[in-house]
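Counting from 58, one number per residue, gives the positions in the sequence shown under this note's numbering. Before any comments, here is the structure.
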Amino acid sequence: MSGDIKFLLTEKEMPTHWYNIQADMPNLPDPPLHPGTMQPIGPQDLTPIFPMGLIMQEVSQDRWIEIPDEVRDILRLWRPSPLYRARRLEKALDTPARIFYKYEGVSPAGSHKLNTAVPQAYFNKKEGVKRLATETGAGQWGIALSQACNFFDMECTVYMVKVSYNQKPYRRSLMEIFGSNVIPSPSNQTDSGRKILQDFPDSPGSLGIAISEAVEDAAKREDTNYALGSVLNHVCLHQSIIGLEAKEQMAKAGYYPDVVIACCGGGSNFAGLAFPFAHDKLARDARVRLVAVEPISCPTLTRGEYQYDFGDVAGLAPIVKMYTLGAGFMPPGIHAGGLRYHGDSPLLSRLVKDGIVEAIGLGQTSVFNGAILFAKNEGIIPAPESAHAVQAAIQEALAAKEAGEARTILFNMSGHGLLDLPSYDLFLAGKLEDFPLPEEDLKVALKNLPRV
Ligand SMILES: *Cc1c(COP(=O)(O)O)cnc(C)c1O
């Protein structure tokens, strides 16, 4: 086994601009609608919860958007992130395929989410906002935004899904170390929270409920805005730095991927790695396959409907056209908390609808098997979310072996799993099961889509 395994860029080689796929899409997503009037919303409608700097990115059709120096200075703490060739895994699989992965677990937050938390805090700070409110499910986004607010000397309040608040105390500690106020959701701090508690006092909470609480908090206070860690166009934009770096690194390695793979919760780490390659596909007819991987228990892209739906439970956030399982969907307690949102990025949804991106679903037992095979060979413990991409890459490498093809595979290791060891324990004890979403549940979940 010889040849390089690490492909690094210097700080000077870090991208100066983000890539905006809206400039290249054959069809843009349909416009977001106001949840009250059901009419298309304009930039002005979003000003109670977002700063104009981010709203303009949300609607921009410029291909390249400059990364401000103040943002680059913080990103440089861990970027450019490394690209690895998984030579030991290739050998273990006895495959002719070349497996590369981009590693985002080197960020201080342990995942890709800090790539967008930093610019979001920056653009808010620049417009005089003193405090950000947000939600977090498993905790990664809450940690990233807490760190970013700390860097820019802003306050941060995190509504954390109650079941995670109780089950993942270390995630809460991390947010508190960086100075955030962490509130278990549903809470009695907001009308949306109080209403849920009245009807379901023992509610374990959900991302959709926590989003309602955070949006309400932000809309009611002049000094406060809302921040979302995935789904939105400006989040996908900020994450594009992953794929832009990866393209340079693949060039250094001397290969171009046949297939690019990432896991998909709201779609941001997938967008981050894959959209710069989608650029090649759309603008230059590159023959690269782009594969989004989701859990079979929350099969938004593979079994959901492409429809307008609410982004949150209380119906406070804009209604967007996306693949969705219905805003009231209660995902089973699978161990990839970051992949349990009922919807998906409207940009990614449109690309799936148009056949530019493929989607597949995996069960969590095969996902943990793949994660452990990867860890044993490469030494990194994947986050359970990222493990979906790992397992899909392994399947692709085995298919290449079957076909006798030396395919080049690139996947995103969106984060490390060092705060997810209880899930690994359960897997090792044989206590994890697969939960394919029953057809009946899917029908029920999809019954309450808004009529537009
Ligand atoms: C949040 C998270 C995800 C899922 O979110 P996307 O927006 O789909 O990227 C994936 N991996 C990790 C490590 C996460 O923290």
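Just so you know, even glycine gets a beta-carbon here, dropped at the ideal spot from N, CA and C. Every value quoted in this text rests on a predicted model; they were computed, and no experiment measured them.
When the Cα of M71 is compared with those of Q421, T104, A416, K304, which residue comes out closest?
-> Cα-wise, what sits closest to M71 is K304.
Length of the line joining the Cα atoms of V215 and Y141 = Cα to Cα, the separation comes out at about 34 angstroms.
Relative to the alpha-carbon of V288, which residue among P83, E496, G368, L489 has its alpha-carbon at the smallest distance?
-> Nearest of P83, E496, G368, L489 to V288, Cα basis: G368.
With 16 other CB atoms within 10 Å as the buried threshold, where does A340 fall?
-> So A340 ends up on the exposed side.
Relative to the alpha-carbon of K187, which residue among L171, R407, A205 has its alpha-carbon at the smallest distance?
-> Shortest Cα-Cα distance from K187 to any of L171, R407, A205 involves A205.
Can you list the alpha helix (DSSP H) stretches of 4 or more residues lying completely in the stretch 167-234, in chain order?
-> As far as the stretch 167-234 is concerned, its whole alpha helix (DSSP H) runs of at least 4 residues are 171-183, 197-208, 219-224, 226-234.
Hey, would you say the C-beta of G324 is under 6 angstroms away from at least one heavy atom of ligand 1?
-> True, at least one ligand heavy atom lies under 6 angstroms from that Cβ.
Cα separation between A80 and V116?
-> Approximately 11 angstroms between the Cα atoms of the pair.
Grouping DSSP H, G and I as helix and E and B as strand, with all else coil, what is P97?
-> In this structure, P97 counts as strand in the three-state DSSP scheme.
Ligand 1 heavy atoms versus the CB of A446: any closer than 6 angstroms?
-> Ligand 1 has no heavy atom closer than 6 angstroms to the beta-carbon of A446.
Taking 6 angstroms as the line, does the beta carbon of K168 fall inside it for any heavy atom of ligand 1?
-> This sequence places Ser at residue 168; Lys is not what is there. Correct: S168 has its Cβ closer than 6 angstroms to ligand 1.
How many whole angstroms separate the CB atoms of A446 and I318, which I take to be in contact at a CB cut-off of 8 angstroms?
-> About 5 angstroms; that satisfies the 8 angstroms criterion.
To the nearest angstrom, report how far apart N172 and N207 are at their CA atoms.
-> Going from the Cα of N172 to the Cα of N207 covers about 15 angstroms.
Minimum C-alpha distance to G162 - residue among E279, A444, L506 | Taking the Cα of G162 as reference, the smallest distance to any Cα among E279, A444, L506 is reached at A444.
Is I481 helix, strand or coil when you go by DSSP?
-> Just to set this straight, residue 481 is Tyr in the shown sequence, not Ile. It is helical.
Buried versus exposed, by CB contacts within 10 Å (16 or more), L478 = L478 counts as exposed, since fewer than 16 other beta carbons sit within 10 angstroms of its beta carbon.
Can you find at least 3 beta carbon pairs, one from the stretch 342-355 and one from the stretch 414-425, that sit closer than 8 angstroms?
-> Yes, the stretch 342-355 is in contact with the stretch 414-425.
Have a look at H291, A374, M232 and flag the residue whose alpha-carbon is nearest the alpha-carbon of H91.
-> Considering only alpha carbons, the answer is A374.
Between which two residues does the beta strand (DSSP E) harbouring A349 extend?
-> In the DSSP assignment, A349 falls within the beta strand (DSSP E) that extends over 346-352.
Range covered by the beta strand (DSSP E) that runs through Q515 | Beyond the ends of the chain as shown, which are 58 and 509, falls residue 515; an answer cannot be given.
At what residues does the alpha helix (DSSP H) containing L499 begin and finish?
-> Where L499 is concerned, the enclosing alpha helix (DSSP H) stretches over 496-502.
Out of M470, T193, M82, I376, state which residue places its alpha-carbon closest to the alpha-carbon of D102.
-> The shortest Cα separation from D102 among M470, T193, M82, I376 belongs to I376.
I417: first and last residue of the uninterrupted alpha helix (DSSP H) it sits in | Premise fails: I417 lies in the beta strand (DSSP E), 415-419, not in any alpha helix (DSSP H).
Enumerate in chain order the residues of its own chain whose CB-to-CB distance from H291 is below 6 angstroms, with the five nearest sequence positions on each side excluded.
-> The answer, listed in chain order, is L111, Q114, E115.
Which residues does DSSP pair with A457 in a beta bridge?
-> Under DSSP, A457 shares a beta bridge with no residue.
With 16 as the cutoff for other CB atoms within 10 Å, does T384 come out buried or exposed?
-> Correcting the residue type first, residue 384 is Ala in the shown sequence and not Thr. Looking at its Cβ environment, which holds 16 or more other Cβ atoms inside 10 Å, A384 is buried.
If you count every other CB in all the chains shown that lies within 10 Å of the CB of A463, and 16 or more means buried, which is it?
-> So A463 counts as exposed.
Please go through the same chain and pick out, in chain order, the residues whose beta-carbon is closer than 8 angstroms to the beta-carbon of T73, but skip the five residues on each side of it.
-> Only E123, I124, R129 meet the Cβ criterion.
Does any C-beta atom of chain B lie closer than 7 angstroms to the C-beta of P333?
-> In the structure shown, chain B cannot be found, because there is only a single protein chain.
Which partner residues of K159 appear in the DSSP bridge assignment?
-> According to DSSP, which records beta bridges pairwise, K159 is partnered with L140, N469.
Using a threshold of 6 angstroms, is the CB atom of A440 nearer than that to any non-hydrogen atom of ligand 1?
-> Residue side-chain check: A440 places its Cβ nearer than 6 angstroms to a non-hydrogen atom of ligand 1.
Alpha carbon to alpha carbon, how far is M211 from L150?
-> When rounded, the distance between both Cα atoms is 48 angstroms.
Counting Cβ pairs closer than 8 angstroms, one from the stretch 453-467 and one from the stretch 388-407, do we hit at least three?
-> No, the stretch 453-467 does not touch the stretch 388-407.
Option in G196, A190, G185 with minimal Cα separation from K170 | For K170, the nearest C-alpha among the options comes from G196.
So, do the stretch 396-416 and the stretch 428-440 have three or more beta carbon pairs nearer to each other than 8 angstroms?
-> Fewer than three pairs of CB atoms, one per stretch, sit closer than 8 angstroms, so the stretch 396-416 makes no contact with the stretch 428-440.
Buried or exposed: where does V424 fall if 16 or more other Cβ atoms within 10 Å of its Cβ makes it buried?
-> Sixteen is the threshold: when 16 or more other Cβ atoms of the shown chains lie within 10 Å of the Cβ of V424, as they do, the residue is buried.
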